[in-house]
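A.B. asks: Taken in sequence, the protein lines are chains V and E.
Heads up: the first sequence runs through residues 3 to 177, numbered per my numbering.
Heads up: the second sequence runs through residues 3 to 177, numbered per my numbering.
In this text, a Cβ means the ideal position worked out from N, Cα and C, and glycines have one as well.
Source: prediction; values computed, not measured.
Below you'll find the structure I mean.
2 protein chains.
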Amino acid sequence: MNQITGPTGEEPLAVDDLDAFKQAFRRHAAGVAAVTSLDPQGKPVGFTATSLASLAAVPPMATFNMSQVASAYPAMTVGNHVAIHMLGPRSRHIAEKLAADHDVRFAGDHWTPGPHGLPILSDVTAWMVGTVLEVHPVHNNAVIVVQIETGALGPEDEALLYHERSYMKPGAIDA
Amino acid sequence: MNQITGPTGEEPLAVDDLDAFKQAFRRHAAGVAAVTSLDPQGKPVGFTATSLASLAAVPPMATFNMSQVASAYPAMTVGNHVAIHMLGPRSRHIAEKLAADHDVRFAGDHWTPGPHGLPILSDVTAWMVGTVLEVHPVHNNAVIVVQIETGALGPEDEALLYHERSYMKPGAIDA
């Protein structure tokens with residue numbers, strides 16, 4: 003393990019230490035999305051994701067990362083469908099619900115069945131439905147590549163962020 | 003192409019249309035990072051990334067997405083080293099510099115050589131150095147998986163966001 007001091011005297015960071023790695027990523031803010039799908043038994047599964055990223059616009063593709071022990075992971079098979087939802091401060095309760103115990107994530111009226119029977123979450127700022135194109139397991143986690151096929155915009159809202167262990171929203175730099 | 007109207011009367015979104023896909027992702031805010039490396043000729047390359055995501059903490063791994071036509075893509079070979087920098091509002095000029103024409107991205111004194119000769123950018127809130135573990139080409143783009151080996155924290159700053167085509171920072175939801 004090397005500790006390296008940066009060019010301008012930064013505090014050294016031991017990044018093979020779990021806390022130190024998390025500390026670095028805590029300086030990075032992330033948008034909050036929710037991914038839902040149906041597992042092989044047809045049961046709704048889903049989770050709150052801070053790793054959603056655009057991969058390409060033509061064809062429209064997105065990626066997210068997840069743990070292989072997540073309750074939604076059995077749904078992530080090539081060709082299966084997923085719904086990706088963009089969340090705003092108004093749908094913060096959805097983010098909290100989908101981050102709770104997996105048994106209660108779909109208990110309630112915060113979703114309705116949509117295309118392919120997928121759970122479509124209410125009050126989201128946008129949702130997209132696509133097909134799992136690639137699954138890349140890496141150690142105990144996986145990168146999921148989704149090709150987007152359709153979707154809809156929801157009511158306008160600001161964007162929901164997760165940063166410093168809190169839900170936040172974007173603000174002006176000079177404010 | 004199907005247009006689907008959502009359960010609560012959302013505006014239909016034709017997501018195989020480039021603008022519509024971008025419109026959905028414009029409702030998603032993203033943290034801003036900068037990735038640097040050395041290309042096969044040893045020349046500094048890099049770019050501003052809004053796709054940086056944590057993949058795992060043990061071992062510490064991160065992912066980002068990029069175009070295969072990016073000037074930095076030739077550096078993304080398994081085993082090569084990359085530096086990933088977290089940016090704050092104070093280092094917004096770095097984000098702009100690394101998003102400018104690739105010929106001028108390293109013209110200036112905004113970086114110094116670091117571990118493995120990698121360009122380490124100044125005034126960032128954190129930087130991490132790692133090894134390219136996997137490269138997954140998807141159409142004209144690619145998902146890059148990096149295993150982090152070391153790094154340092156920089157001066158404290160808020161997190162830099164890119165949202166609605168502007169640089170922003172996180173703010174309180176109830177503010």
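For the stretch 35 to 76 of chain V, which segments carrying the beta strand (DSSP E) assignment without a break, of at least 3 residues, lie completely within its bounds, in sequence order?
C.D. replies: Taking only runs of at least 3 residues, the beta strand (DSSP E) segments lying wholly in the stretch 35 to 76 of chain V are 35 to 40, 46 to 51, 55 to 59, 62 to 69.
A.B. asks: Determine the direct distance from the alpha carbon of Thr52(V) to that of Ala174(E), and round the result to whole angstroms.
C.D. replies: Spanning the two alpha carbons is a distance of roughly 18 angstroms.
A.B. asks: Leaving out five residues before and five after Leu155(V) in sequence, what residues of the same chain have Cβ atoms less than 8 angstroms from its Cβ?
C.D. replies: The residues are Thr127, Ala128.
A.B. asks: Let me confirm a value: Thr79(E) is counted as buried when at least 16 other C-beta atoms fall within 10 Å, else exposed. Which label applies?
C.D. replies: The residue in question, Thr79(E), is exposed, as its Cβ has fewer than 16 Cβ neighbours within 10 Å.
A.B. asks: I'd like the ranges of any beta strand (DSSP E) spanning at least 3 consecutive residues and lying wholly in the stretch 108 to 167 of chain V.
C.D. replies: As far as the stretch 108 to 167 of chain V is concerned, its whole beta strand (DSSP E) runs of at least 3 residues are 113 to 115, 121 to 123, 128 to 140, 143 to 155, 163 to 165.
A.B. asks: Below 8 angstroms on the Cβ atoms is my guess for His30(E) versus Ala35(V); work out the distance and round it to an integer in Å.
C.D. replies: Indeed they touch by this definition, with Cβ atoms about 7 angstroms apart.
A.B. asks: Can you tell me where the alpha helix (DSSP H) holding His95(E) begins and where it ends?
C.D. replies: Here the alpha helix (DSSP H) through His95(E) covers 94 to 100.
A.B. asks: What would DSSP say about His104(V), mapped onto helix, strand or coil?
C.D. replies: It is helical.
A.B. asks: With a threshold of 7 angstroms on Cβ separation, who are the neighbours of Pro42(V) within its own chain once the five nearest residues in sequence on each side are excluded?
C.D. replies: Around Pro42(V): Pro76.
A.B. asks: Mind checking whether Val47(E) and Ser73(E) have CB atoms under 9 angstroms apart?
C.D. replies: Contact: yes.
A.B. asks: Does the Cβ-Cβ distance between His83(E) and Val147(E) come in under 9 angstroms?
C.D. replies: Contact flag unset, no.
A.B. asks: I want to see whether chain V comes within less than 9 angstroms of Val147(E), judged by CB atoms only; does it?
C.D. replies: Yes - at least one Cβ of chain V is within 9 angstroms of the one on Val147(E).
A.B. asks: Taking 8 angstroms as the limit between beta carbons, can you name the residues of its chain near Asn67(V), skipping five residues before and five after?
C.D. replies: The answer, listed in chain order, is Ala51, Ser53, Asn143, Ala144, Val145, Ile146.
A.B. asks: Excluding sequence positions up to five away, which residues of its chain have a Cβ less than 6 angstroms from the Cβ of Met130(E)?
C.D. replies: Correct list, in chain order: Ile86, Ile150, Gly153.
A.B. asks: Using only the alpha-carbon positions, how far apart do Arg28(E) and Val60(V) sit?
C.D. replies: Cα to Cα, Arg28(E) sits roughly 16 angstroms from Val60(V).
A.B. asks: On the three-state DSSP scale, how would you describe Ala31(E)?
C.D. replies: Here Ala31(E) sits in coil by DSSP.
A.B. asks: If you compare alpha carbons, which of Phe23(E), Met88(E), Ser69(E), Thr65(E) is closest to Ala26(V)?
C.D. replies: Out of Phe23(E), Met88(E), Ser69(E), Thr65(E), Met88(E) has the C-alpha closest to the C-alpha of Ala26(V).
A.B. asks: Thinking just about the alpha-carbon of each residue, which of Lys45(V), Gly116(V), Val71(V), Glu158(V) is nearest to the one in Pro139(V)?
C.D. replies: Nearest option by C-alpha distance: Val71(V).
A.B. asks: Please list, in chain order, the residues of the stretch 131 to 144 of chain E that have any C-beta partner in chain V closer than 8 angstroms.
C.D. replies: Hits within the stretch, in order: Val131, Leu135, Glu136, His138, Val140, His141, Asn142, Asn143.
A.B. asks: Which residues does DSSP list as the beta-bridge partners of Pro172(V)?
C.D. replies: Bridge partners of Pro172(V): Pro172(E).
A.B. asks: Determine the contact status of Gly132(E) and Pro62(E), defining contact as a CB-CB distance below 9 angstroms.
C.D. replies: In this structure, Pro62(E) lies closer than 9 angstroms to Gly132(E) by Cβ.
A.B. asks: Note down the Cα distance separating Leu162(V) from Ser124(V), rounded to an integer number of angstroms.
C.D. replies: Between Leu162(V) and Ser124(V), the C-alpha separation is close to 15 angstroms.
A.B. asks: Excluding the 5 residues preceding and the 5 following Glu160(V) in the sequence, name in chain order all residues of the same chain whose CB lies nearer than 7 angstroms to its CB.
C.D. replies: If we look at Glu160(V) and ignore the five residues flanking it on each side, its Cβ neighbours are Gly90, Pro91, Lys171, Pro172.
A.B. asks: Going by other Cβ atoms of all chains shown within 10 Å of its Cβ, with 16 needed for buried, is Phe49(V) buried or exposed?
C.D. replies: When all chains shown are included, Phe49(V) counts as buried.
A.B. asks: Count the other CB atoms, across all protein chains shown, that sit within 10 Å of the CB of Ala55(V); report buried if there are 16 or more and exposed otherwise.
C.D. replies: Label assigned to Ala55(V): buried.
A.B. asks: Anything in chain E within Cβ reach of Tyr56(V), meaning under 9 angstroms, just list it in chain order.
C.D. replies: Checking the displayed sequence, the identity of residue 56(V) turns out to be Ser instead of Tyr. What Ser56(V) touches in chain E: Phe23, Lys24, Phe27, His30, Ala32, Thr52, Ser53, Asn67.
A.B. asks: Is Pro121(V) closer than 9 angstroms to Phe108(V) when the C-beta atoms are compared?
C.D. replies: Taking 9 angstroms as the Cβ cut-off, Phe108(V) and Pro121(V) qualify as a contacting pair.
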